[in-house]
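Protein sequences appear in the order of chains A and B. Note that the numbering used here numbers the first sequence so that position 50 is 50, with each residue one more than the last. With the second sequence counted from 1, adding 1000 to any position gets you the numbering used here. The beta-carbon is built from N, C-alpha and C at its ideal position, and this holds for glycine as well. Have a look at the structure below, then the notes.
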Amino acid sequence: GAVVSQHPSWVICKSGTSVKIECRSLDFQATTMFWYRQFPKQSLMLMATSNEGSKATYEQGVEKDKFLINHASLTLSTLTVTSAHPEDSSFYICSASIAGSQETQYFGPGTRLLVL
Amino acid sequence: SQQGEEDPQALSIQEGENATMNCSYKTSINNLQWYRQNSGRGLVHLILIRSNEREKHSGRLRVTLDTSKKSSSLLITASRAADTASYFCATILTGGGNKLTFGTGTQLKVEL
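Okay, here's the thing in structure tokens:
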């Protein structure tokens, strides 16, 4: 149980385009989902916390107008990278915590974004 | 900002040997967790230790926590080639809700 999926697993796009990444909890309801980015050989950096039905909370230094997060249901959160630039190329990982059991996060497999 | 620093950054051992990774953190925590990440993949939760616990076991994993030194260690006994991965500690800070703050990670390579 506690499976989280991400789609797509990898994406290549041209500079200036927008890319949407989906994060789904497959067998549980997630009131909270988290979005991270990870550069090669580095750790995960939290970008934002996404709560179902409310606005996401962004970490300091993360542009909310550039990284749009929508958490429309208890099983789906989306991250849209708007007007992507090469420096946005990274590995984006989402995680979800089960309602009532917030300590453990279950991670998706990640989405590798390459902006040309 | 990253809460934890891990040591060593990279570790290479032979199959069957034990691997020890250390994590230090800076501020008061509710709990500390260890995760594994295979190359280019998501994270797998390994073990959680609460601030009032000192040691925890799960299979071949042994985690210790010393809150006075603000440090934790992960021991993998009888390592296998399949244990090759990056290992991260992550903390939930006191009053930090359920936000995880990750350490810098240790890249473990287990050779046959």
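Asked	Found
Return the chain-ordered ranges of every alpha helix (DSSP H) run that is complete within the region 1052-1096 of chain B and spans a minimum of 4 residues.	none
With residue 85(A) as the anchor, note down where its beta strand (DSSP E) starts and where it stops.	No beta strand (DSSP E) holds residue 85(A); DSSP gives it neither H nor E.
So, are the CB atoms of residue 1019(B) and residue 1079(B) less than 8 Å apart?	yes
Could you work out which residues of chain A lie near residue 1045(B), taking near to mean beta carbons separated by less than 8 Å?	104, 105, 106 and 107
Could one say the Cβ of residue 1048(B) lies closer than 8 Å to chain A's Cβ atoms, at least one of them?	yes
How many whole angstroms separate the CB atoms of residue 71(A) and residue 56(A), which I take to be in contact at a CB cut-off of 8 Å?	7 Å
Does any residue of chain B have a CB that is nearer than 8 Å to the CB of residue 75(A)?	no
If we count the other Cβ atoms within 10 Å of its Cβ and call it buried at 16 or more, is residue 3(A) buried or exposed?	exposed
Could you tell me which chain A residues have their CB closer than 7 Å to the CB of residue 1041(B), listed as they occur along the chain?	109 and 110
Name the residues in the region 39-56 of chain A whose C-beta lies less than 7 Å from a C-beta of chain B; which are they?	43, 44, 46 and 49
Please work out which residues of its chain come closer than 8 Å, Cβ to Cβ, to residue 65(A), disregarding the five sequence neighbours upstream and downstream, and give them in chain order.	82
Provide the residue span of the beta strand (DSSP E) that contains residue 1009(B), from first to last.	From DSSP, residue 1009(B) is part of no beta strand (DSSP E); its letter is neither H nor E.
Leaving out the 5 sequence neighbours to the left and right, which residues in its chain are closer than 6 Å to residue 99(A) when beta-carbon positions are compared?	29 and 31
Please report the residue range of the beta strand (DSSP E) in which residue 36(A) lies.	30-38
Would you identify the three-state DSSP class for residue 1041(B), choosing helix, strand or coil?	coil
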